[in-house]
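*Asks:* Provided herewith is a single structure, encoded as structure tokens, for subsequent inquiry.
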Amino acid sequence: MPRIGRFQKGVSGNPNGRPRGDQETWKIEALARKHGPAAIDRLIHWMKADEGRTSIAAAIALLDRGFGKPTQRMEHSGDINLMVAQTLQDMRERARALRPDGPRLVTDVTEVGSDAAR
């Protein structure tokens with residue numbers, strides 16, 4: 010009996026492939042790509058300008074497109090262990106609601122130790 014949620018071997022789970030979007034989106038993307046080199050040339054021109062604000066804005070735009078935007082640090086307050094424990098508890102409860110007679114999910118390290126001892 011095949012496992013629930015698994016695809017059969019050799020059969021695609023998405024035979025039609027990724028959705029392509031609508032024609033209007035394609036036209037807009039093609040137009041943007043067509044004018045991409047000219048836009049980059051214009052950004053380079055502005056980057057070399059004597060006006061500081063324009064030059065910096067153009068340089069940032071070029072760097073973002075060439076290297077991607079820099080990652081941003083995120084800070085949080087609170088106990089990360091408590092947040093993880095609550096998430097795991099929520100997952101357990103959802104799994105039990107979906108399959109009350111299903112296998113018990115082991116999601117706590119202390120449970121692994123106690124299961125191994127049995």
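When we follow the working numbering, the leftmost residue of the sequence shown carries the number 10, and every step to the right adds one. We treat Cβ as the ideally placed atom computed from N, Cα and C, and that holds for glycine. Please read all numbers here as calculations on a predicted model, not as lab measurements.
(1) Answer yes or no: do MET83 and ALA68 have a C-beta to C-beta separation smaller than 8 Å?
(2) From what residue to what residue does the alpha helix (DSSP H) around VAL93 run?
(3) State the CB to CB distance for the pair ALA8 and SER64, rounded to an integer number of angstroms; the pair is presumed to be in contact (CB under 8 Å).
(4) May I have the straight-line CA-CA distance separating ALA39 from ILE49, to the nearest angstrom?
(5) Rounded to the nearest angstrom, what separates SER86 and PRO79 at their Cα positions?
(6) Mind checking which residues open and close the alpha helix (DSSP H) that includes ARG29?
(7) Of the residues ARG27, ALA41, GLN98, which one's Cα is nearest the Cα of GLU33?
(8) So PRO79 is in the alpha helix (DSSP H); what residue range does that whole segment cover?
(9) Hey, could you find the ends of the alpha helix (DSSP H) ALA153 is sitting in?
(10) Beta-carbon within less than 6 Å of ALA126's beta-carbon, same chain only, minus the 5 sequence neighbours each way: which residues are those?
(11) Does GLN81 pass the burial test, meaning 16 or more other C-beta atoms within 10 Å, or should it be called exposed?
(12) Take GLY75 as the anchor and find which of GLU60, ASP88, ILE53 has the nearest alpha-carbon.
*Replies:* Straight from the coordinates:
(1) no
(2) 89 to 107
(3) Here the chain covers residues 10 to 127 and nothing more, so residue 8 does not appear.
(4) 16 Å
(5) 23 Å
(6) Segment: none, ARG29 is in no alpha helix (DSSP H) and carries neither H nor E.
(7) ALA41
(8) Careful: PRO79 lies outside any alpha helix (DSSP H) and carries neither H nor E.
(9) Because the chain is modelled from 10 through 127, residue 153 falls outside the range shown and cannot be assessed.
(10) With a pLDDT of 44 at ALA126, under the threshold of 50, the modelled position of this residue cannot be trusted, and the question is left open.
(11) exposed
(12) Nearest neighbour of GLY75 by Cα position, chosen from GLU60, ASP88, ILE53, turns out to be ILE53.
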